[in-house]
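Q:
Numbering (the working numbering), first residue to last: 8 to 205.
Here it is in structure tokens:
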């Protein structure tokens with residue numbers, strides 16, 4: 008997993024609520040077992056018309072918007088538990104998704120794969136949408152160390168919560184196994200102190 012401390016980026020605003028995993032990546036692309044290469048199928052049925060041409064009305068095809076942060080409506084990632092949804096988002100290039108609520112299983116899949124999910128209040132989410140949609144070149148800073156989402160060149164920010172274990176994993180680039188390996192000395196000391204239990 009890649010280390011993550013902070014990200015300053017333009018934002019792509021996907022103003023849709025209840026985006027389910029079948030929209031993130033349709034089921035017909037789930038035969039793939041590799042994580043790489045799935046980005047081309049992200050939001051496939053929204054990004055392309057039936058004849059294969061680009062849907063110019065979909066936000067990812069709007070040349071005014073770019074960036075590594077996806078801003079989206081409430082209840083993102085609902086539906087089935089497919090991990091491919093997270094893989095396709097990461098492969099497309101997103102490092103952070105900001106919403107006011109994420110579906111539970113999607114949230115776990117994302118955090119396990121190094122995709123940072125930032126939950127903000129509904130009011131702050133509305134403010135972000137309003138700013139980004141009116142000023143596509145406005146940048147947002149996601150500061151994991153201080154757990155803040157900051158609107159660049161303003162004093163406006165909101166703090167967000169992340170479990171301390173998850174935060175440590177992101178800051179150090181650990182997956183679950185890396186985290187256990189990082190505790191090797193503590194585990195050995197514990198075993199020596201408790202040898203009588205064997």
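Backbone N, C-alpha and C define an ideal beta-carbon position, used for all residues, glycine too.
Note that the structure is a prediction, hence the values are computed from the model and not measured.
Give every residue of the same chain whose Cβ lies closer than 6 Å to the Cβ of residue 71, excluding the five residues on either side of it in the sequence, and list them in chain order.
A: 143
Q: Once DSSP output is grouped into helix, strand and coil, what is the label at residue 168?
A: Here residue 168 sits in coil by DSSP.
Q: Among 156, 30, 40, 152, which has the Cα closest to the Cα of residue 83?
A: 30
Q: Less than 8 Å between the CB atoms is what I'm expecting for residue 122 and residue 104, so what's the real figure, rounded?
A: 7 Å
Q: For residue 155, collect the residues of the same chain with a Cβ closer than 6 Å to its Cβ; drop the 5 residues on either side in sequence, then sort them by chain order.
A: 164, 166
Q: Would a C-beta distance cut-off of 8 Å place residue 54 and residue 65 closer than the cut-off?
A: yes
Q: Would you report the Cα separation of residue 44 and residue 87, rounded to the nearest angstrom?
A: 21 Å
Q: Mind checking who residue 109 pairs with in its DSSP beta bridge?
A: 83
Q: Pull up the distance between the alpha-carbon of residue 203 and that of residue 114, whole angstroms please.
A: 41 Å
Q: With C-beta atoms as the reference, is residue 16 less than 8 Å away from residue 76?
A: yes
Q: Which stretch, first to last residue, makes up the alpha helix (DSSP H) that contains residue 66?
A: Looking at the DSSP string, residue 66 is not in any alpha helix (DSSP H), and its letter there is neither H nor E.
Q: Span of the beta strand (DSSP E) holding residue 138?
A: Run containing residue 138: none in the beta strand (DSSP E); it sits in the alpha helix (DSSP H), 129-141.
Q: I need the DSSP call for residue 32, collapsed to helix, strand or coil.
A: coil
Q: Closest to residue 68 by C-alpha separation, out of 180, 8, 19, 169, would be which residue?
A: Residue 68 has its Cα closest to that of 19, out of 180, 8, 19, 169.
Q: Does residue 28 pass the burial test, meaning 16 or more other C-beta atoms within 10 Å, or should it be called exposed?
A: buried
Q: Taking the straight line between their C-alpha atoms, what separation do you get for residue 13 and residue 149?
A: 5 Å
Q: What's the call for residue 108, buried or exposed, on a 16-neighbour Cβ count within 10 Å?
A: buried
Q: Is it the case that the Cβ atoms of residue 162 and residue 146 are separated by a distance below 8 Å?
A: Not in contact: residue 162 and residue 146 (Cβ atoms no closer than 8 Å).
Q: DSSP state of residue 190, grouped into three classes?
A: Correct three-state label for residue 190: coil.
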